[in-house]
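Enquirer:
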């Protein structure tokens, strides 16, 4: 049975977790929500980022700094992936949907297996001052690492939202999602903008990967459960809505936390996917959809 | 005596905060040649989408041949006799030209009684009418722009509609090509098909239409004979001002 | 490719005949053990292609339908000791219903949402069966084989022949759909769903039909699995890797024709088994991933498409 205190702790945990989920889904919100790329490999790229952070961590880097340092690298990686995707699939038209999806699926497999071959299937962790300690508030203990991830998540989300609404490139990205021909008439090159947007989304994912390994140990198959979580957040938010991503992340985080407390860990992976199915069945445009 | 084949009453359509159609009402009589004009973004294609069923209208009613069709799926409306061509051609690119027509022949005209030999022959006949007979076996992803436009019309014709909506079938065509399409549309109308034509090519619309309606920003700003419409100051302002 | 109807059925009879002949003459059990897996992959790939190849709706959820079929068998075996034929039929019905339900719920949406929803199905079913004590929960359940039906002396050999029959059934259904007006409607949906709808094609109904048939066949393919392995547990049954092969095989072989999944699955499954045995299980997944990407990028019409191009070039 559960007490009110346990419930409160679960909710608080869920809020922190939810913001984390929102932050790791933001890259997908841009790539899929705004740019319409069937980027099912997003969680795999994030796990790749987590492992890169692990490697840097073994060299003595602090994981957050490692994540930030990886961002430009992943930005370039993202630009390259989008360029390839665009040239091979989007240009060719009708069949692109099926083949593009299959392509990203294949990419997921390659990344996953590549990680297994390089690092084995065991879990990997990273060390830092704030990992292993907890903060006491009343009777509740909150893991420090979750607070750190929460802080980074909030900063990242705020920064990206600001970028998209205040800078020229950011607004161009939002514009290209809504009205590509108009953008073209304004003299901007939509392909370049989309490429840059995808690069940003991937760069952000590097930091998300760093947060992932801060929050807990990673193993190469972690991408599979995060497919559910990130897509649940993006779909629940409504494609293209940044503020929605935060709200959706919170809903997912709290739901998962409560299920975990009430029913145990064996039911937790299904929460995100169950939520996803419910949203798709009842209100596919999400909370704030276009 | 001509009754209304299509009665659109108070139809509106919103996309989020944007109003694409606001309280549009019009009646199309049986056998009429009706022109629909308006600057880009005025809501012409949205109106067509609401009539053909690709979109659901948010308010108002659409009555076709005495039946309310707002709640019907697009394929059900096609089976009741409404066919449309697409502004940007959407051929069934994995199929040869004639097979594009077999789809509506099988799914609209010959539902419940399929004799394969007939559909191929029927498709060829329609292609002959429209001037694409020599391309019957060509993969439809190898056609020129003009040929694609003709295929769009041919596919709509294959559904044996009572109301045919042609969405900018002539955009970008040469003068003689425009005449070709116009001739086909006149022939179809003579055979009894009611036609709604959306076009930017003014002389084509004026030659073809018995009545013309002009939309701007989702609202009707004029409806009348071609001569009346062209002379209307609101229409002139919409085109020159936009 | 115009194929004479009689020719197909003669070929099918020959295939089943050969399988039966092998069952009575070849001694090495391993051939049938491995062969069963190849045949099962052909059924899964053919089933996948009905919705994925013909209509263009990518389904990652093969393990959900397959696994539900397997667990339907488990429940029937444990409760009433049902014979294999009943297991297969019941599995087909259950997975067909799943296809119907999931299809109705998600096929109104764009392709990628359907794809994600199918991933969700796999995880949810795996979670459900992990938590269901009756079928063994997370640790799974061991099963005893009943004696094989005469004239077979080995259960594995019998399953091999049963699976051969399933291949014929699956391919026959795929072939019928492909060459019929239903197949044309599905192709129209794949080429341009909006234009198909406006040409009178009831797109949702057809998609749901394809999903139901596809699911039913996948369930049927999963039904003999518990008897084949004599052991079932959720993690390996609802393994996404089944979904990978079912998706990759038609992409490699060719999605437009029923022969594509047959060729693709035969090649891929055999390759997978060789790699797993000689190198490692992880390498096997890598091989599939790489082949999938290579074919999707460079040879979008698969091996069949390459053949066509070669023929035209001559």
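Protein chains in written order, with this note's numbering: chain S, 1 to 290; chain L, 1001 to 1242; chain F, 2001 to 2314.
C-beta: ideal position from N, C-alpha, C; glycine also.
Between the C-alpha atoms of residue 2235 of chain F and residue 224 of chain S, what's the straight-line distance to the nearest angstrom?
Expert: Reading the third chain from its first residue, position 235 is the one you call residue 2235 of chain F. Reading the first chain from its first residue, position 224 is the one you call residue 224 of chain S. So the two alpha carbons sit approximately 13 Å from each other.
Enquirer: Can you list, in chain order, the residues of the segment 2171 to 2200 of chain F whose Cβ is nearer than 9 Å to any Cβ on chain S?
Expert: Against chain S - using a Cβ distance shorter than 9 Å - the residues of the segment 2171 to 2200 of chain F are 2190, 2191, 2192.
Enquirer: If the cut is a Cβ gap below 8 Å, which residues of chain S does residue 2113 of chain F touch?
Expert: As a working note, residue 2113 of chain F is residue 113 in the third chain. 235, 280, 284, listed in chain order.
Enquirer: Going along chain F, which residues have a C-beta under 7 Å from residue 61 of chain S?
Expert: Start at 1 with the first residue of the first chain, and residue 61 of chain S comes out as number 61. The contacting residues do not exist; residue 61 of chain S stays about 28 Å from chain F at best.
Enquirer: Can you tell me the Cα-Cα spacing of residue 2285 of chain F and residue 103 of chain S, whole angstroms?
Expert: Mapped onto the third chain, residue 2285 of chain F falls at position 285. Mapped onto the first chain, residue 103 of chain S falls at position 103. So the alpha carbons of these two residues sit roughly 15 Å apart.
Enquirer: For a contact meaning CB atoms closer than 8 Å, what does residue 2203 of chain F contact in chain L?
Expert: Counting from 1 along the third chain, the entry for residue 2203 of chain F is found at position 203. Here the neighbours are 1075.
Enquirer: When you compare only the Cα positions, how much space is there between residue 1023 of chain L and residue 13 of chain S?
Expert: For the purposes of this step, residue 1023 of chain L is taken as the residue at position 23 of the second chain. For the purposes of this step, residue 13 of chain S is taken as the residue at position 13 of the first chain. Rounded to the nearest angstrom, the two C-alpha atoms are 50 Å apart.
Enquirer: Can you tell me the Cβ-Cβ gap for residue 1170 of chain L and residue 1199 of chain L, rounded? I've got them flagged as a contact below 8 Å.
Expert: Residue numbering aside, residue 1170 of chain L sits at position 170 when the second chain is read from its first letter. Residue numbering aside, residue 1199 of chain L sits at position 199 when the second chain is read from its first letter. Rounded, the Cβ-Cβ distance is 6 Å, consistent with contact.
Enquirer: Which residues does DSSP list as the beta-bridge partners of residue 1026 of chain L?
Expert: Residue 1026 of chain L sits at position 26 when you count from the first residue of the second chain. Per DSSP, L:1008.
Enquirer: Cα separation between residue 976 of chain L and residue 1130 of chain L?
Expert: Residue 976 of chain L is absent from the structure shown; chain L starts at 1001 and stops at 1242.
Enquirer: Whose CA, out of F:2160, F:2110, F:2052, F:2147, lies closest to the CA of residue 239 of chain S?
Expert: Taking the first chain and counting its residues from 1, one reaches residue 239 of chain S at position 239. Comparing Cα-Cα distances from residue 239 of chain S to each of F:2160, F:2110, F:2052, F:2147, the minimum goes to F:2110.
Enquirer: Relative to the C-alpha of residue 2049 of chain F, which residue among F:2084, F:2173, F:2279 is closest?
Expert: Numbered from its first residue, the third chain carries residue 2049 of chain F at position 49. Of the candidates F:2084, F:2173, F:2279, the one whose C-alpha sits nearest the C-alpha of residue 2049 of chain F is F:2173.
Enquirer: Are the CB atoms of residue 2207 of chain F and residue 2034 of chain F nearer to each other than 7 Å?
Expert: Counting from one through the third chain, the residue named residue 2207 of chain F turns up at place 207. Counting from one through the third chain, the residue named residue 2034 of chain F turns up at place 34. Contact flag unset, no.
Enquirer: Residue 105 of chain S by DSSP, collapsed to three states: which one?
Expert: In the first chain, residue 105 of chain S corresponds to position 105, counting from 1. Of the three classes helix, strand and coil, the one that applies to residue 105 of chain S here is helix, per DSSP.
Enquirer: Check each residue of the segment 2260 to 2285 of chain F: if its Cβ is closer than 7 Å to any Cβ of chain S, include it; give the result in chain order.
Expert: 2282, 2285
Enquirer: Is residue 1178 of chain L helix, strand or coil by DSSP?
Expert: One-based indexing of the second chain puts residue 1178 of chain L at position 178. In the structure shown, residue 1178 of chain L sits in a helix (DSSP, three-state: H, G or I).
Enquirer: Tell me which residues share the same chain as residue 1237 of chain L and place their Cβ nearer than 7 Å to its Cβ, disregarding the 5 neighbours each side in the sequence.
Expert: For this step, residue 1237 of chain L is matched to residue 237 along the second chain. Nothing listed; no residue qualifies.
Enquirer: Among F:2148, F:2074, F:2106, which residue has its Cα nearest to the Cα of residue 2212 of chain F?
Expert: Residue numbering aside, residue 2212 of chain F sits at position 212 when the third chain is read from its first letter. If we check each option's Cα against that of residue 2212 of chain F, F:2106 comes out closest.
Enquirer: Can you list, in chain order, the residues of its chain with a C-beta nearer than 7 Å to that of residue 126 of chain S? Leave out the 5 residues immediately preceding and following it.
Expert: Taking the first chain and counting its residues from 1, the one referred to as residue 126 of chain S is at position 126. The residues are 53, 54, 57, 63, 213, 214.
Enquirer: By the three-class DSSP mapping on this structure, what secondary structure does residue 71 of chain S have?
Expert: Position 71 of the first chain, counting from 1, holds the residue named residue 71 of chain S. Residue 71 of chain S falls in the helix class under three-state DSSP.
Enquirer: For residue 137 of chain S, which residues in the same chain have their Cβ closer than 7 Å to its Cβ, ignoring the five residues on either side in sequence?
Expert: Start at 1 with the first residue of the first chain, and residue 137 of chain S comes out as number 137. Here the set comprises nothing.
Enquirer: Pairs of beta-carbons, one from the segment 1017 to 1036 of chain L and one from the segment 253 to 269 of chain S, closer than 8 Å: are there three or more?
Expert: no
Enquirer: Please classify residue 2144 of chain F as buried or exposed, where buried requires at least 16 neighbouring CB atoms within 10 angstroms.
Expert: Position 144 of the third chain, counted from the first residue, corresponds to residue 2144 of chain F. It is exposed - the Cβ of residue 2144 of chain F has fewer than 16 other Cβ atoms within 10 Å.
Enquirer: So the candidates are S:207, S:35, S:73, S:98; which of them puts its Cα closest to the Cα of residue 2292 of chain F?
Expert: Within the third chain, the letter at position 292 stands for residue 2292 of chain F. Nearest of S:207, S:35, S:73, S:98 to residue 2292 of chain F, Cα basis: S:98.
Enquirer: Going by Cα to Cα distance, which pick from F:2074, F:2082, F:2061, F:2088 is closest to residue 2102 of chain F?
Expert: Indexing the third chain from 1 puts residue 2102 of chain F at position 102. Check the Cα spacing between residue 2102 of chain F and each of F:2074, F:2082, F:2061, F:2088: the tightest is with F:2061.
Enquirer: Whether or not the segment 144 to 153 of chain S and the segment 201 to 212 of chain S are in contact is what I'm after, with contact meaning three or more pairs of Cβ atoms, one per stretch, closer than 8 Å; do they touch?
Expert: By the Cβ test, the segment 201 to 212 of chain S is in contact with the segment 144 to 153 of chain S, since at least three Cβ pairs between them sit closer than 8 Å.
Enquirer: If contacts are defined as beta-carbon pairs under 8 Å, then residue 2245 of chain F and residue 2095 of chain F qualify, I think. What distance do you get, rounded to the angstrom?
Expert: For this step, residue 2245 of chain F is matched to residue 245 along the third chain. For this step, residue 2095 of chain F is matched to residue 95 along the third chain. That belief does not hold up - the Cβ atoms of residue 2245 of chain F and residue 2095 of chain F are roughly 17 Å apart, past 8 Å.
Enquirer: Ignoring anything shorter than 4 residues, give me the alpha helix (DSSP H) runs that lie fully in the segment 2158 to 2240 of chain F, in order along the chain.
Expert: 2181 to 2191, 2193 to 2198, 2203 to 2222, 2225 to 2229, 2234 to 2237
Enquirer: Cα-Cα, which of S:285, S:199, S:244, S:258 is closest to residue 71 of chain S?
Expert: For the purposes of this step, residue 71 of chain S is identified with residue 71 of the first chain, where counting begins at 1. The shortest CA-to-CA distance from residue 71 of chain S to any of S:285, S:199, S:244, S:258 is the one to S:199.
Enquirer: According to DSSP, what are the bridge partners of residue 1197 of chain L?
Expert: Here residue 1197 of chain L is taken as the residue at index 197 of the second chain, counted from 1. In the DSSP output, where bridge partners are listed per residue, residue 1197 of chain L has L:1035, L:1166.
Enquirer: Can you tell me the Cβ-Cβ gap for residue 2119 of chain F and residue 227 of chain S, rounded? I've got them flagged as a contact below 8 Å.
Expert: Against the third chain, residue 2119 of chain F aligns to sequence position 119. Against the first chain, residue 227 of chain S aligns to sequence position 227. Confirmed, Cβ separation roughly 6 Å.
Enquirer: For the segment 94 to 110 of chain S, which residues have a beta carbon sitting closer than 9 Å to at least one beta carbon of chain F?
Expert: 94, 95, 97, 98, 99, 100, 101, 102, 103, 105, 106, 107, 108, 109, 110
Enquirer: Please confirm whether residue 2298 of chain F has its beta-carbon closer than 7 Å to some beta-carbon of chain S.
Expert: Numbered from its first residue, the third chain carries residue 2298 of chain F at position 298. It does not: the Cβ of residue 2298 of chain F has no partner Cβ on chain S nearer than 7 Å.
Enquirer: At the level of alpha carbons, what is the spacing between residue 173 of chain S and residue 190 of chain S?
Expert: Your numbering for residue 173 of chain S matches position 173 in the first chain. Your numbering for residue 190 of chain S matches position 190 in the first chain. Spanning the two alpha carbons is a distance of roughly 8 Å.
Enquirer: Would you please verify whether the beta carbon of residue 2293 of chain F is less than 7 Å from any beta carbon of chain S?
Expert: Locating residue 2293 of chain F in the third chain gives position 293, counting from the first residue. At least one chain S Cβ lies under 7 Å of residue 2293 of chain F.
Enquirer: Whole angstroms is fine: what's the gap from residue 1242 of chain L's alpha carbon to residue 256 of chain S's?
Expert: Walking along the second chain from the start, residue 1242 of chain L turns up at place 242. Walking along the first chain from the start, residue 256 of chain S turns up at place 256. With a pLDDT of 47 at residue 1242 of chain L, under the threshold of 50, the predicted position of this residue should be treated as unreliable, and no value is reported.
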